[in-house]
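Just add 577 to the spot in the sequence shown (first one is 1) and you have this note's numbering.
Glycine included, each C-beta is placed from N, C-alpha and C at the ideal position.
A short write-up of the structure that comes next.
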Amino acid sequence: LRTPLSVISGYANLLRRWGSGDKNVLNESVEKIVEETGYMQQLVNRLLFLARADKRTQRVCPERFSLSELLDEIAKETRMIDSRHTLSVKVQNGIFLTADRALLKQAVRAVLDNSMKYTPEGGAIGIVCAAENGTVHLTVKDTGIGIPEKDLPHIFDRFYKADEARTRSAGGCGLGLSIVRWIVERHGGRIEVSSTP
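Shown next, in the form of structure tokens:
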């Protein structure tokens, strides 16, 4: 929380000194304050989620739903906010789950957000989903920059960042994938990662 607070404080001081007379300073400062406030809000929400998970008070509300409908919904929303990448979805029809729909949506969105952050503009992101022997396999692939092999065992650990500079510039706080792991494991699933940097 210290970094975004420092940025907000710095831009607030800039506004106090020169903001009222310089429209460019005003616009830049307001934009950065809003951006850093959003980052802080995301961080606090993730910390609260993990605190509830640790205390076993994070609610899981199972319901039966169509996985293809959920993934189509996520793809539609993702395309609305991200025109920089090509998103493809291949889902086997007829897959229904009894799970917490909102939590699974949060998990898939977090993985997609990660792919969007680290896939260069014009790159491809794909979701593939199929059922085999009573097990659902959901894969998110991208043409991103990859993850060094030494970091692979740790990317689901809390606050772990494979590369501090690139993660901060992309807005990461090192909690998203640990939340994804909790959601997947809470539903009796398993999450894995592979990468070719």
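Does residue i come out as helix, strand or coil in the three-state DSSP assignment?
i, result
"residue 752", "coil"
"residue 643", "strand"
"residue 742", "Note that residue 742 has pLDDT 39, beneath the 50 cutoff, so the model's placement of it is unreliable and no number is given."
"residue 731", "helix"
"residue 770", "coil"
"residue 658", "helix"
"residue 649", "helix"
"residue 631", "helix"
"residue 717", "strand"
"residue 602", "helix"
"residue 722", "coil"
"residue 637", "coil"
Is residue i near residue j, with beta carbons less than 8 Å apart?
i, j, result
"residue 666", "residue 679", "no"
"residue 692", "residue 713", "no"
"residue 701", "residue 663", "yes"
"residue 636", "residue 675", "no"
"residue 772", "residue 729", "yes"
"residue 758", "residue 698", "no"
"residue 614", "residue 658", "no"
"residue 648", "residue 668", "yes"
"residue 751", "residue 735", "yes"
Am I right that residue i and residue j are in contact with their C-beta atoms under 8 Å? What's the rounded C-beta distance?
i, j, result
"residue 681", "residue 732", "That belief does not hold up - the Cβ atoms of residue 681 and residue 732 are roughly 20 Å apart, past 8 Å."
"residue 622", "residue 645", "Contact doesn't hold; Cβ gap of about 28 Å is too wide."
Please classify residue i as buried or exposed, where buried requires at least 16 other C-beta atoms within 10 Å of its C-beta.
i, result
"residue 696", "buried"
"residue 756", "buried"
"residue 611", "exposed"
"residue 628", "exposed"
"residue 726", "exposed"
"residue 753", "buried"
"residue 606", "buried"
"residue 707", "exposed"
"residue 631", "exposed"
"residue 770", "exposed"
Counting only runs of 4+ residues fully inside the stretch 670-702, write out the alpha helix (DSSP H) ranges in chain order.
If we require 4 residues or more, the alpha helix (DSSP H) runs fully inside the stretch 670-702 come out as 678-695.
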